[in-house]
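Here's the structure, in structure tokens; my notes come after.
Protein chains: 2
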Amino acid sequence: MIIIEYNHMGVDKLNLIEIFKALGDKNRIRILNLLIRQELCVCEIETVLNMTQSNASRHLNKLKTSGIITSEKESQWVYYKVDNKFIEENSLLYEFIKNMTVENTQLQRDLERLNRYKNSNFTCEQLREDKREVLKYLRGNVSK
Amino acid sequence: MIIIEYNHMGVDKLNLIEIFKALGDKNRIRILNLLIRQELCVCEIETVLNMTQSNASRHLNKLKTSGIITSEKESQWVYYKVDNKFIEENSLLYEFIKNMTVENTQLQRDLERLNRYKNSNFTCEQLREDKREVLKYLRGNVSK
DNA sequence: TGATTATATTCAATTATAATCATATAATAG
DNA sequence: CTATTATATGATTATAATTGAATATAATCA
Numbered sequence: 071m072i073i074i075e076y077n078h079m080g081v082d083k084l085n086l087i088e089i090f091k092a093l094g095d096k097n098r099i100r101i102l103n104l105l106i107r108q109e110l111c112v113c114e115i116e117t118v119l120n121m122t123q124s125n126a127s128r129h130l131n132k133l134k135t136s137g138i139i140t141s142e143k144e145s146q147w148v149y150y151k152v153d154n155k156f157i158e159e160n161s162l163l164y165e166f167i168k169n170m171t172v173e174n175t176q177l178q179r180d181l182e183r184l185n186r187y188k189n190s191n192f193t194c195e196q197l198r199e200d201k202r203e204v205l206k207y208l209r210g211n212v213s214k
Numbered sequence: 071m072i073i074i075e076y077n078h079m080g081v082d083k084l085n086l087i088e089i090f091k092a093l094g095d096k097n098r099i100r101i102l103n104l105l106i107r108q109e110l111c112v113c114e115i116e117t118v119l120n121m122t123q124s125n126a127s128r129h130l131n132k133l134k135t136s137g138i139i140t141s142e143k144e145s146q147w148v149y150y151k152v153d154n155k156f157i158e159e160n161s162l163l164y165e166f167i168k169n170m171t172v173e174n175t176q177l178q179r180d181l182e183r184l185n186r187y188k189n190s191n192f193t194c195e196q197l198r199e200d201k202r203e204v205l206k207y208l209r210g211n212v213s214k
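Protein chains in written order, with the working numbering: chain A, 71 to 214; chain B, 71 to 214.
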């Protein structure tokens with residue numbers, strides 16, 4: 071039997087469609103916006119973007135299976151970052167995304183929260199111990 | 071009453087998410103691949119890509135509402151082309167898309183069909199009169 | 001070992017998207 | 001005006017994507 075897959079796009083040049091699909095979601099763009107600046111673990115992303123753990127994990131997985139980011143496990147934490155291969159093979163797209171993030175106010179607000187978090191010297195352990203305190207700090211209600 | 075749209079991306083820099091969503095579909099990429107080379111009306115796209123009229127029309131509409139293409143009516147035909155504003159404001163993305171299309175075999179096959187069609191001197195009127203003949207020609211079964 | 005914790009995954013509900021068929025609209029031709 | 005035709009749009013169905021809550025897994029800690 072011959073199966074003709076008339077409508078498929080072939081296998082060349084990875085799965086461009088999957089990449090665009092992965093980029094076509096607000097939450098994933100917000101995550102990517104952070105990862106462009108620095109490697110982060112799930113609990114940090116979750117906190118800075120104020121999203122549920124399972125949602126953050128799922129969106130990270132989608133970005134990963136489309137080849138945009140990679141992950142690395144360090145003891146109990148999983149750190150995510152933009153995949154170097156993706157950057158090399160899709161440099162125009164990557165530059166476009168980077169440029170676009172600086173022109174969006176929501177994404178810039180997210181980066182401010184990221185910077186607040188990073189400057190605070192809070193660690194993943196502190197997130198566990200008093201996440202409420204960390205969130206308050208990120209909102210700007212508490213000085214550290 | 072104050073409505074806080076906590077999760078929206080703001081209105082800056084058009085709707086990037088919508089653009090990525092529009093690009094995250096095989097049929098729309100195939101259409102865009104053609105329009106990058108030249109302005110075409112719906113019946114031509116429909117014929118070259120061998121898709122139904124309503125499907126072509128819907129995908130064109132999605133590309134249009136996301137700001138990637140524009141249309142212009144000429145008598146009974148509607149011609150679509152890539153929006154110059156889109157190209158100017160998203161040049162890196164546009165270059166990326168163009169490059170990617172030449173690396174994909176399905177999309178190159180589509181372009182061969184487009185060229186066959188254009189070289190045939192078939193017109194939209196002929197599509198109406200004998201679409202079956204035009205399709206045969208595009209498949210390569212008939213010489214003209 | 002047992003308890004805790006970071007992350008991933010499953011389930012169920014909801015919502016969005018895509019495709020097809022039929023019909024509407026607007027332009028043209030006679 | 002009527003018939004035809006190019007395109008758009010409804011309505012429907014099928015499929016896929018998104019989410020929160022709960023649970024599973026794997027690592028760490030005591």
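Positions of the beta carbon are idealized from the N, C-alpha and C atoms, including for glycine.
All of these numbers come straight from a predicted model, not from anything done at the bench.
- Under the three-state reduction of DSSP, E142(B) is assigned to strand.
- At a Cβ-Cβ threshold of 8 Å, S136(A) and V112(A) do not count as neighbours.
- For M170(B), the uninterrupted alpha helix (DSSP H) run begins and ends at S161 to V172, by DSSP.
- With contacts defined as CB atoms closer than 8 Å, T140(B) and D153(B) qualify as a contacting pair.
- When 9 Å is used as the limit between beta carbons, N160(B) is near these residues of chain A: F166 and M170, in chain order.
- Beta bridge pairing from DSSP links K151(A) with T140(A).
- Among the residues facing chain A, F90(B) is included, as its CB has a counterpart in that chain under 8 Å away.
- Against chain B, a Cβ distance below 9 Å from D95(A) picks out I87, F90 and K91.
- At the C-beta level, R100(B) and L86(B) stay beyond 8 Å of one another.
- Counting only Cβ-Cβ distances below 9 Å, I99(A) has contacts in chain B at M79, L86, I87 and F90, in chain order.
- Any Cβ of chain A closer than 8 Å to the Cβ of L163(B) would place that residue at the interface, and such an atom is present.
- Counting only residues of its own chain and dropping the five nearest sequence neighbours on each side, F156(B) has a CB closer than 6 Å to the CB of G137 and I138.
- Note on geometry: alpha-carbon atoms of T117(B) and E182(A) lie some 51 Å from one another.
- The C-beta separation of K143(B) from L105(B) comes to about 16 Å, leaving the pair out of contact by the 8 Å criterion.
- Annotation: E109(B) to N169(A) spans about 29 Å, alpha carbon to alpha carbon.
- The Cβ atoms of M121(B) and N97(B) sit closer than 8 Å to each other.
- Residue pairing from DSSP leaves L104(A) without any beta-bridge partner.
- Burial state of E159(A) is exposed, judged by a 10 Å Cβ sphere holding fewer than 16 other Cβ atoms.
- L162(B) is a Cβ neighbour of F166(A), given a cutoff of 8 Å.
- Between N185(B) and the set D95(B), A92(B) and E114(B), the nearest pair of CA atoms involves E114(B).
- If you draw a straight line from the Cα of C194(B) to the Cα of Y187(B), it comes to about 11 Å.
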